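Chemist: Below you will find the structure I want to go over with you.
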Amino acid sequence: MKKTWLRIPALFLCLVMLSGIAVAQEPQGVIDLEKIKSEYKYGDVLTFDTYGQLTEENRAVEGKDGVVSSQRYEASRIGADIIAKGGNAVDAAVAAAFALGVCEPNASGMGGGGFMTYRNGETGEIIFIDFREVAPGAATEDMYPQDENGNVIGNIMARGGKAVAVPGEVAGLMYILDNYGTMSRQEVLQPAIDLANEGYLVTAKTNTTITDAYQLMTDYPELGKIFLGDDGLPPEAGTYIKNPDLAKTLGIIAEKGAAGFYEGEVAQALVDAAAKYGGIITLEDLKNYQITVKEPVEGTYRGYKIYSAPPPSSGGTHLIQILNILENFDVGSLKFYGAEHMHLLSEAFKMVYLDRSTYMGDPDYVKVPLKGLVDKEYAKLLAEKIEEDKSKSYEVEDPWLYEGTDTSHLSVSDKAGNMIGITKTINYYYGSGVAVDGYGFILNNEMDDFSSKPGGPNSVQPGKKPLSSMSPTIVLREDGSPYMVLGAPGGYTIFAQVAQVISDVIDFQLPLKDAIKAPRIFNWVDNTLEYQDGFGIPIEKAEVDKLTAIGHDMSHYMDGAFGFIQGTLYNEDGTIDGGADYYADGVAVGY
Ligand code: GLU
Numbered sequence: 001m002k003k004t005w006l007r008i009p010a011l012f013l014c015l016v017m018l019s020g021i022a023v024a025q026e027p028q029g030v031i032d033l034e035k036i037k038s039e040y041k042y043g044d045v046l047t048f049d050t051y052g053q054l055t056e057e058n059r060a061v062e063g064k065d066g067v068v069s070s071q072r073y074e075a076s077r078i079g080a081d082i083i084a085k086g087g088n089a090v091d092a093a094v095a096a097a098f099a100l101g102v103c104e105p106n107a108s109g110m111g112g113g114g115f116m117t118y119r120n121g122e123t124g125e126i127i128f129i130d131f132r133e134v135a136p137g138a139a140t141e142d143m144y145p146q147d148e149n150g151n152v153i154g155n156i157m158a159r160g161g162k163a164v165a166v167p168g169e170v171a172g173l174m175y176i177l178d179n180y181g182t183m184s185r186q187e188v189l190q191p192a193i194d195l196a197n198e199g200y201l202v203t204a205k206t207n208t209t210i211t212d213a214y215q216l217m218t219d220y221p222e223l224g225k226i227f228l229g230d231d232g233l234p235p236e237a238g239t240y241i242k243n244p245d246l247a248k249t250l251g252i253i254a255e256k257g258a259a260g261f262y263e264g265e266v267a268q269a270l271v272d273a274a275a276k277y278g279g280i281i282t283l284e285d286l287k288n289y290q291i292t293v294k295e296p297v298e299g300t301y302r303g304y305k306i307y308s309a310p311p312p313s314s315g316g317t318h319l320i321q322i323l324n325i326l327e328n329f330d331v332g333s334l335k336f337y338g339a340e341h342m343h344l345l346s347e348a349f350k351m352v353y354l355d356r357s358t359y360m361g362d363p364d365y366v367k368v369p370l371k372g373l374v375d376k377e378y379a380k381l382l383a384e385k386i387e388e389d390k391s392k393s394y395e396v397e398d399p400w401l402y403e404g405t406d407t408s409h410l411s412v413s414d415k416a417g418n419m420i421g422i423t424k425t426i427n428y429y430y431g432s433g434v435a436v437d438g439y440g441f442i443l444n445n446e447m448d449d450f451s452s453k454p455g456g457p458n459s460v461q462p463g464k465k466p467l468s469s470m471s472p473t474i475v476l477r478e479d480g481s482p483y484m485v486l487g488a489p490g491g492y493t494i495f496a497q498v499a500q501v502i503s504d505v506i507d508f509q510l511p512l513k514d515a516i517k518a519p520r521i522f523n524w525v526d527n528t529l530e531y532q533d534g535f536g537i538p539i540e541k542a543e544v545d546k547l548t549a550i551g552h553d554m555s556h557y558m559d560g561a562f563g564f565i566q567g568t569l570y571n572e573d574g575t576i577d578g579g580a581d582y583y584a585d586g587v588a589v590g591y
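For the sequence shown, the positions run 1 to 591 when the working numbering is used.
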């Protein structure tokens with residue numbers, strides 16, 4: 001599995017360090033443009049050792065009133081400033097989410113969708129808001145012509161107008177703000193409007209994402225117009241990108257709410273943009289878009305209570321399934337990311353991903369054995385299949401018997417116990433490539449998350465939501481008090497990454513920021529165990545050799561990270577820790 005959209009270039013962390021942005025309270029220092037320009041070389045990939053030296057102290061924060069951890073400094077800062085002005089975690093999360101659409105537009109924005117898990121500090125109630133994109137009304141199972149081997153011809157599921165599903169982000173963020181926020185739309189949107197007008201920093205990562213997408217930006221000139229410089233080239237690290245068109249669209253939403261996006265001039269421009277590139281999305285599709293408020297999927301892990309994303313995300317269900325399997329073992333007694341620990345994770349992942357491809361889809365369209373998949377007895381059955389010293393292939397089991405390329409994640413917690421995790425996406429970097437001309441935002445390519453094979457649980461149907469892995473997750477202590485919020489981007493690796501960080505904190509008693517920078521592994525249903533060194537913490541060669549000896553096909557993942565974890569954690573004394581992944585632009589800021 002090689003995911004180019006997660007590759008991190010060399011020296012972008014240098015930029016973070018130089019800019020002095022990763023700080024607890026006030027931004028310090030200025031960006032040394034000359035130094036960045038002389039040192040920055042596109043295409044370099046930081047080694048883990050170099051990563052470790054550069055930013056170790058810069059990512060985490062401890063706050064009292066509230067902490068925001070997101071994938072960009074500007075968004076975390078904007079969210080934290082909202083807390084400082086007296087807003088709650090919801091106000092901060094919505095402000096930061098809109099800001100991410102401005103300064104991390106490759107990953108998410110109002111042309112996409114996502115999920116959020118929210119705990120109301122006052123009532124303790126936990127709700128899940130599904131603002132995933134839906135297939136347009138005119139979508140059909142055979143809308144992507146296939147060759148004789150059943151492969152989709154060309155790239156039309158991923159790029160261009162037919163890749164676009166009906167966006168949900170604006171409806172989702174407006175819903176949570178209207179129902180659980182305390183500030184006005186204008187107050188929470190203004191910082192994002194200012195950021196779009198004044199310009200956001202081009203980090204080395206920003207530069208890489210634009211350079212990697214250079215062909216896309218040429219194929220879709222409306223996209224290139226936003227992100228390429230006047231010379232037609234990707235802007236250099238250390239410069240700024242302004243997006244006044246997006247500021248205008250945000251202003252319309254500030255004034256009119258969700259209707260400003262789903263109806264009127266923005267909706268018309270969106271439909272026209274998609275249609276220009278073969279899209280089938282209509283004004284009616286936009287007008288009909290509805291978010292869904294659901295119960296989160298629930299589980300426990302060694303007494304801690306876990307709440308995460310139900311279908312159409314596969315994330316929360318399989319996250320709990322992984323933890324249920326791990327609970328059958330004394331994980332904390334194993335050598336941390338030693339052979340035994342990685343073997344256990346790898347075998348669990350293989351079985352869980354097999355279940356994912358067999359059973360998962362949009363529950364409004366297919367029956368999903370949800371209770372069975374998160375059942376402790378079912379997990380026990382799977383755990384018993386694991387052999388200590390042999391990497392195995394597994395046959396799928398029947399959970400019904402137990403039935404009784406990219407994304408952004410932000411986590412926010414405040415002193416009142418409001419906790420919110422939002423994972424949102426336009427899918428691949430720069431989504432479908434289709435930008436809405438004059439309005440500054442990019443349309444998703446979420447149709448690519450459907451299976452192209454007709455008749456399966458995740459095949460295309462009008463109005464259906466494509467299967468996701470996004471897992472915004474809340475963890476409470478055994479007594480029900482707030483503990484952690486976390487999540488990550490990373491495509492189908494997401495819940496396997498989130499599960500590891502939860503286990504690292506609970507089983508190995510690691511502080512959240514250390515768990516975020518620990519090594520991680522990934523294993524799909526096949527025998528390839530991919531391992532990613534921690535940030536300055538390499539996985540030992542001797543442990544890798546032991547795993548090869550028992551039949552794992554070991555593959556060193558060196559292209560950055562599987563996913564970037566952003567999380568917050570309440571300490572026993574009520575202070576809040578924030579941690580952000582060391583492999584991306586993420587920073588936690590708090591007060
Ligand atoms: N579209 C993917 C999903 O919904 C997320 C993509 C990513 O994280 O890179 O699971």
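For each residue, glycine too, the CB sits at the ideal point set by N, CA and C.
This structure is a prediction, so every number in the text was calculated from the model and none was measured.
Counting only runs of 3+ residues fully inside the segment 220-306, write out the beta strand (DSSP E) ranges in chain order.
Modeler: Counting only runs of 3 or more, we get 292-294 and 297-301.
Chemist: List the DSSP bridge partners of E62.
Modeler: DSSP output for E62 lists D577 as bridge partner(s).
Chemist: Taking only three categories from DSSP, how would you classify A561?
Modeler: The answer is coil: DSSP assigns A561 none of H, G, I, E or B.
Chemist: Have a look at G574 and E62 and give me their C-alpha separation to the nearest angstrom.
Modeler: When rounded, the distance between both Cα atoms is 11 Å.
Chemist: Rounded C-beta distance between T239 and P136? I'm assuming under 8 Å.
Modeler: Rounded, the Cβ-Cβ distance is 37 Å, inconsistent with contact.
Chemist: Report all residues from its chain with a CB closer than 6 Å to the CB of F128; omit the five preceding and five following residues, and keep chain order.
Modeler: Closer than 6 Å at the Cβ level, and outside the excluded window around F128, lie T117, K294 and P296.
Chemist: When you compare only the Cα positions, how much space is there between M360 and S314?
Modeler: Approximately 6 Å, taken between the alpha carbons.
Chemist: Could you check which residue in I193, G160 and G168 has the C-alpha nearest to that of L100?
Modeler: The residue with the shortest Cα to Cα distance from L100 is I193.
Chemist: Can G490 be considered in contact with the ligand GLU, in the sense that its beta carbon sits closer than 7 Å to one or more heavy atoms?
Modeler: Yes, the Cβ of G490 comes within 7 Å of a heavy atom of the ligand GLU.
Chemist: Excluding the 5 residues preceding and the 5 following I550 in the sequence, name in chain order all residues of the same chain whose CB lies nearer than 6 Å to its CB.
Modeler: If we look at I550 and ignore the five residues flanking it on each side, its Cβ neighbours are D389, K390 and S391.
Chemist: What distance in whole Å lies between the Cβ atoms of I280 and K162, which are believed to be in contact at a cut-off of 8 Å?
Modeler: Between I280 and K162 the Cβ distance is about 7 Å, and since that is below 8 Å, they are a contact.
Chemist: Please give the ranges of any beta strand (DSSP E) in the segment 125-179, keeping only runs that are unbroken, at least 3 residues long and fully inside the region.
Modeler: 126-131, all fully within the segment 125-179.
Chemist: Quick one: which unbroken alpha helix (DSSP H) runs of 4-plus residues sit fully inside the segment 406-489? Chain order, please.
Modeler: Segments of the alpha helix (DSSP H) lying fully in the segment 406-489: there are none.
Chemist: Once you ignore the five residues that flank E133 on each side, which residues in its own chain have a CB closer than 6 Å to its CB?
Modeler: Excluding sequence neighbours, E133 sits near G113, A165, V166, P167, G168, N444 and E446.
Chemist: Using DSSP's beta-bridge definition, name the partner residues of H556.
Modeler: Y531.
Chemist: Just mark D448 as buried or exposed, buried being the case when its beta carbon has 16 or more other beta carbons within 10 Å.
Modeler: Result: buried.
Chemist: Does Y42 come out as helix, strand or coil in the three-state DSSP assignment?
Modeler: Note on Y42: pLDDT 28, under 50, position unreliable in the model; no value is reported.
Chemist: Let me check understanding here. Comparing Cα to Cα, which of P454, Y531, Y429 and S413 lies closest to K64?
Modeler: When only C-alpha atoms are compared, the closest one is S413.
Chemist: Taking 8 Å as the cut-off, decide whether the C-beta atoms of A213 and Y492 are in contact.
Modeler: No, the Cβ-Cβ distance between A213 and Y492 is not below 8 Å.
Chemist: From what residue to what residue does the beta strand (DSSP E) around M116 run?
Modeler: Note, M116: beta strand (DSSP E), G113 to R119.
Chemist: DSSP has I521 in a bridge; who is on the other side?
Modeler: The partner list for I521 (beta bridge, DSSP) reads Y531.
Chemist: Between the Cα of I322 and those of I442, D406 and R356, spot the shortest distance and give me the residue it belongs to.
Modeler: Nearest option by C-alpha distance: R356.
Chemist: Where do the ends of the beta strand (DSSP E) carrying G101 lie?
Modeler: Taken as a continuous stretch (DSSP letters only), G101 belongs to no beta strand (DSSP E), being part of the alpha helix (DSSP H) at A89 to C103.
Chemist: Among residues of its own chain, excluding the 5 on either side of Y301, which ones have a beta-carbon nearer than 7 Å to its beta-carbon?
Modeler: Closer than 7 Å at Cβ, skipping near neighbours: L323, E327, I502 and I506.
Chemist: Quick one: Cα of I533 to Cα of D285, how far?
Modeler: Sequence inspection shows Asp at residue 533; the Ile mentioned does not correspond to that position. Between D533 and D285, the C-alpha separation is close to 44 Å.
Chemist: Going by Cα to Cα distance, which pick from E122, G438 and R59 is closest to K415?
Modeler: Ranking E122, G438 and R59 by Cα distance to K415 puts E122 first.
Chemist: Tell me, which residues are paired with I537 by DSSP?
Modeler: For I537, which the question treats as bridged, DSSP gives the partners G534.
Chemist: The ligand GLU heavy atoms versus the CB of M183: any closer than 7 Å?
Modeler: Not under cutoff, so the answer is no.
Chemist: Would you call T548 buried or exposed, if buried means 16 or more other Cβ atoms sit within 10 Å of its Cβ?
Modeler: The residue is exposed, with fewer than 16 neighbouring Cβ atoms inside 10 Å.
Chemist: Tell me the rounded alpha-carbon separation between K205 and E141.
Modeler: Approximately 36 Å, taken between the alpha carbons.
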